[in-house]
Amino acid sequence: MNLETTYLGLRLRNPLVVGASPFCDNLDSALQLQEAGAGAIVMRSLFEEQIVLEQRALNRLTEEPADTNPEGLSYFPNYESYQLAPDQYLRQIVHLKSALTIPVIASLNGRTLGAWVDYGRQCEACGADALELNFYQLVTNPAFSAAQVEEQMLAVVREVTKTVRIPVAVKLSPFHSALPHFVAALEQAGASGVVLFNRFYQPDIDIENLDAMPIIRLSDSSELLLRLRWLAILSAQTKLSLSSSGGAHNTQDVVKALLTGATTVQMVSVLLKHGPRILSSILHDLEAWMIKHEYSDIDELRGAMNHSRCPDPAAYERANYQKILQSWVI
Ligand SMILES: Cc1cc2nc3c(=O)[nH]c(=O)nc-3n(C[C@H](O)[C@H](O)[C@H](O)COP(=O)(O)O)c2cc1C
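Residue numbers are given in this note's numbering: position 254 of the sequence shown equals residue 254, and the series is strictly consecutive.
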């Protein structure tokens, strides 16, 4: 049974990828994931704010006179709240690369072009096999148009891919109004793949204290459906590697993502819930499913259910929408 797959030009032993998360902060858990069968791992994102805070703290420290009060150390921001400070992040890439045989993908979330490029270069220098650009942003400024948002993202992709030699994937939000057009533009800008999708953490409201409550809810399989739709549409149109991220919890979910055209399937919530070993049982069941359905190679089933079989996907979607609404009878 051949589960090998090529993601962002990297050869992976299978399409299961550990998505960006705290798992790789710790070498032991990364090793456990590799042992359980992960095809590749994505590190948590390094945020530009972390870099800026660290630089500010260092500047303030070095500007102090030599006999400065030790309390000057309190100028340091609360580093404990960051799991990996920027220099630790870069060192962690080196550690992971020296201990793991599977590809290690670094993840960045910048705010300025310079930071994306600079830290992209440094991640590459430390041995990262690829970069994932995590464009998690909530645009609240009414003067900033969708076209401007996308142009800014494209400028980052152009600059980063011009600077580094390693492949670059772009982790997208599902809220682009014309995703196929934007994905084509990302390909032109030099991206090697897209990750569908980032998951927006949605604060709840505490109605007693009139407070917003930021919470992380782990996903369930229902979130996969949004990914399946876009995988089916995009895989029929683009040569980019497509990575599904969000809502993959079991072998059936993985099969669905592959059938709709995913090159890889990223997982986080299921690993946080059940631990790394769940990967080996998902892989085992994937092989069993492939044997039962007479597939010997993962490439044979990839995209078998994408929109390339459908002459007019937009009309098909519209017709299905109407059928579903009409089917509800009271
Ligand atoms: C605890 C936690 C930390 C995460 N950290 C990051 C991160 O640093 N960067 C990122 O791009 N995504 C991050 N994510 C999002 C995941 O990579 C993934 O996109 C999301 O959880 C959906 O996948 P899932 O349904 O398999 O959990 C994080 C998710 C969780 C639960």
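For every residue, glycine included, the Cβ atom is placed at its ideal position computed from N, Cα and C.
_CA nearest to the CA of residue 218, picked from 230, 206 and 202_ = The residue given as residue 218 occupies position 218 in the sequence shown. Considering only alpha carbons, the answer is 202.
Q.
Pull the bridge partners of residue 102 from the DSSP assignment, please.
A. Position 102 of the sequence shown, counted from the start, is the residue given in the question as residue 102. Per DSSP, none; premise fails for residue 102.
Where does the unbroken beta strand (DSSP E) through residue 134 begin, and where does it stop? On the sequence shown, residue 134 is found 134 positions in, with the first residue counted as 1. Run containing residue 134: 130-134, per the beta strand (DSSP E) assignment.
Could you tell me whether the Cβ atoms of residue 21 and residue 254 are closer together than 8 Å?
Counted from its first residue, the sequence shown places residue 21 at position 21. Counted from its first residue, the sequence shown places residue 254 at position 254. Contact: no.
Practice task
Using alpha carbons as the reference points, say which of 101, 126, 108 and 244 lies closest to residue 91.
Solution key: Here residue 91 is taken as the residue at index 91 of the sequence shown, counted from 1. Out of 101, 126, 108 and 244, 126 has the C-alpha closest to the C-alpha of residue 91.
* Residues near residue 262 by beta carbon distance below 6 Å, same chain, minus five either side -> Here the question's residue 262 lines up with position 262 in the sequence shown. If we look at residue 262 and ignore the five residues flanking it on each side, its Cβ neighbours are 231, 242 and 244.
Quiz item: Should residue 223 be counted as a contact of ligand 1 given a C-beta to heavy atom distance under 7 Å?
Solution: By one-based count along the sequence shown, residue 223 stands at place 223. True, at least one ligand heavy atom lies under 7 Å from that Cβ.
Backbone CA spacing between residue 284 and residue 147 [nearest angstrom] = Start at 1 with the first residue of the sequence shown, and residue 284 comes out as number 284. Start at 1 with the first residue of the sequence shown, and residue 147 comes out as number 147. Whole-angstrom Cα-Cα distance: 45 Å.
task = Below 7 Å CB to CB, which residues in the same chain sit around residue 182 once its five sequence neighbours on both sides are set aside?
result = For the purposes of this step, residue 182 is taken as residue 182 along the sequence shown, with counting starting at 1. The answer, listed in chain order, is 150 and 176.
Next item on the list: Just mark residue 192 as buried or exposed, buried being the case when its beta carbon has 16 or more other beta carbons within 10 Å.
Entry: Within the sequence shown, residue 192 is the residue found at index 192, counting from 1. Buried.
Could you give the distance in angstroms between the alpha-carbon of residue 102 and the alpha-carbon of residue 326?
As a first step, residue 102 is located in the sequence shown; it is residue number 102 there, counting from the start. As a first step, residue 326 is located in the sequence shown; it is residue number 326 there, counting from the start. C-alpha separation (whole angstroms): 49 Å.
Practice task
With a 10 Å radius around its C-beta and 16 neighbouring C-beta atoms as the bar for buried, classify residue 139 as buried or exposed.
Solution key: Position 139 of the sequence shown, counted from the first residue, corresponds to residue 139. So residue 139 counts as exposed.
Self-check item: Between the CA atoms of residue 142 and residue 279 - distance to the nearest angstrom
Solution: Here residue 279 refers to the residue found at position 279 when the sequence shown is read from its first residue. Here residue 142 refers to the residue found at position 142 when the sequence shown is read from its first residue. C-alpha separation (whole angstroms): 44 Å.
Requested in this report: Tell me where the beta strand (DSSP E) around residue 12 begins and ends.
Outcome: Counting from one through the sequence shown, the residue named residue 12 turns up at place 12. Start and end: 10-12.
>> Between which two residues does the beta strand (DSSP E) holding residue 172 run?
In response: By 1-based counting over the sequence shown, the position of residue 172 is 172. Looking at the DSSP string, the run of the beta strand (DSSP E) that includes residue 172 is 168-172.
Report all residues from its chain with a CB closer than 6 Å to the CB of residue 68; omit the five preceding and five following residues, and keep chain order.
For this step, residue 68 is matched to residue 68 along the sequence shown. In this predicted model, residue 68 has a pLDDT of only 46, less than 50, meaning its place in the structure is not dependable enough to derive any value.
- So residue 36 and residue 276 are in contact, right, with Cβ under 8 Å, and what is the actual spacing, rounded? Position 36 of the sequence shown holds residue 36. Position 276 of the sequence shown holds residue 276. About 4 Å; that satisfies the 8 Å criterion.
| query | To which residues of the same chain is residue 19 closer than 7 Å at the C-beta, ignoring the five residues directly before and after it? | reply | Residue mapping note: residue 19 aligns to position 19 of the sequence shown, counting from 1. Contacts found: 42, 245, 266, 267 and 268.
Ranges of the alpha helix (DSSP H) found wholly within the region 175-228, counting only runs of at least 4: 179-189
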